[in-house]
Amino acid sequence: MKIYTKTGDVGETSLFGGRRVLKSELRIESYGTVDELNSWIGLLRDVNEDAALKDLLKEIQDRLFTLGSTLAADPDNEKLKTPDLHEEDITLLENKMDEMEAGLEPLRHFVLPGGHMYVSYCHIARTVCRRAERLCVALHHEQNIHPLIVKYLNRLSDFLFMLGRRMSHDLKAEEVKWIPRKG
């Protein structure tokens with residue numbers, strides 16, 4: 052099977068289930084952004100030495116594929132079976148955030164992205180995650196999507212923020228607080 056099919060040369064693609072849609076549709080933009088996020092998570096996994104974190108990031112990538120396959124499925128084809136998210140997937144992120152937060156200074160200011168290249172990767176992934184979340188919220192208002200999709204993305208962006216804070220601490224990198232200019 053060749054990777055190029057030429058079927059998308061006129062700006063259309065197929066949903067899982069066969070229906071042809073424009074590549075500019077909100078559904079395509081939504082799962083395309085989830086795919087972009089998955090690539091950033093892959094980069095975070097590649098630059099990290101912690102085996103447990105690598106495993107967790109791989110699991111997150113798996114959940115993002117699950118989420119993407121659900122978004123890529125034709126919502127009018129009720130016979131399609133796609134993997135699904137579970138509330139436990141969200142609980143896992145919450146538990147890991149609680150673990151990462153232990154030993155960190157309480158957050159009293161907004162934090163500027165940066166301080167170390169790995170921390171910056173976390174912030175880039177976080178902002179892509181927020182974009183994916185916004186797109187999925189918009190899609191949900193047009194067409195009903197599984198509510199755990201938005202919830203998972205919301206929690207994942209929080210997780211990525213906390214991961215950046217934890218990495219700053221562990222790498223002894225400066226966590227730059229945003230102090231607004233006065234007058």
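Those letters in the sequence shown? Residues 52 to 234, per this note's numbering, in order. Yeah, the Cβ is synthetic: ideal placement off N, Cα and C, and Gly gets one too.
C-beta contact flag for residue i and residue j at 9 Å
i: I111; j: L222; result: no
i: L118; j: I92; result: no
i: R78; j: L122; result: yes
i: L204; j: E80; result: no
i: L95; j: V179; result: no
i: S219; j: V188; result: no
i: L44; j: D135; result: One cannot answer for residue 44 here, as it falls past the ends of the chain, which runs 52 to 234.
i: K147; j: F210; result: yes
i: F212; j: D125; result: no
i: Y172; j: V85; result: no
Rounded distance between the beta-carbons of residue j and residue i, thought under 8 Å
i: R177; j: G215; result: 7 Å
i: I141; j: K202; result: 6 Å
i: H167; j: A224; result: 4 Å
Identified DSSP bridge partners for residue i
i: F67; result: A124
i: K228; result: V162
Any chain D beta carbon closer than 9 Å to residue i
i: Y172; result: Among the chains in the structure shown there is no chain D, since it carries only a single protein chain.
Report the residue ranges of all alpha helix (DSSP H) runs contained in full by the stretch 101-129; include only those spanning at least 4 residues, in chain order.
102-123
Cβ contact check for the stretch 142-162 and the stretch 213-230: 3 or more pairs under 8 Å:
yes
Which whole runs of the beta strand (DSSP E) in the stretch 130-196 are 3 residues long or more, in chain order?
Taking only runs of at least 3 residues, no beta strand (DSSP E) segment lies wholly in the stretch 130-196.
Any contact of the stretch 186-197 with the stretch 145-153, i.e. 3+ C-beta pairs under 8 Å?
no
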